[in-house]
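S.K.: One structure, as structure tokens, below. Some questions next.
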Amino acid sequence: MITGFAVTVAICATLVAVWSFVQAARKKLPDNALLAGLAVIEVLLVAQLVIGVVLLIGGGRPGSMATYLAYLIGCLVVLPLGTFWALAERTRASTAILGIACLAIPVMVLRLHEVWAGASA
């Protein structure tokens, strides 16, 4: 994995999470600007998927292939599911749900990086 890119993804997701929690504290519903922030994170996650696949094709091997692929694909699913849930019920709590989904991304990216480095436990 490319460490700098992983850090960028994690920082962007954390910033959007903070933005979501601030909006929730202000009793705001999810708006188009917040959804655009989520879209940017999702584009970064797709790029991470492409990078991860290219590294695998190039001969790189993670500590655990199954775990690596699960985190690589799982990262892509978290935000769409959180967004679907939030948009199905537009309340202040749904804005917080988006924040929680965004907080899951840095954790998953960190774990993905660890698995790539060989930590399979």
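Heads up: the sequence shown runs through residues 1 to 121, numbered per the UniProt record's numbering. All residues carry an ideal CB built from backbone N, CA and C; glycine is no exception.
Hey, how far is the Cα of L81 from the Cα of L45?
M.R.: 14 Å
S.K.: Roughly how many whole angstroms lie between the Cα atoms of A1 and W19?
M.R.: The sequence shown places Met at residue 1, not Ala. Distance between the alpha carbons of M1 and W19: 27 Å.
S.K.: By the DSSP assignment, the alpha helix (DSSP H) with P80 in it spans what residues?
M.R.: 65-88
S.K.: Between the beta-carbon of residue 193 and the beta-carbon of A10, is there less than 9 Å?
M.R.: Outside the displayed span of the chain (1 to 121) sits residue 193, for which this structure offers no information.
S.K.: On the DSSP letters alone, give me the boundaries of the alpha helix (DSSP H) that R111 sits inside.
M.R.: 92-117
S.K.: In the structure shown, what three-state DSSP assignment does I41 receive?
M.R.: helix
S.K.: From which residue to which residue does the alpha helix (DSSP H) around L15 run?
M.R.: That run of the alpha helix (DSSP H) goes 3-25.
S.K.: Report, in whole angstroms, the separation of the C-beta atoms of L87 and L38, which I expect to be a contact under 8 Å.
M.R.: Incorrect: roughly 11 Å between the Cβ atoms, too far for contact.
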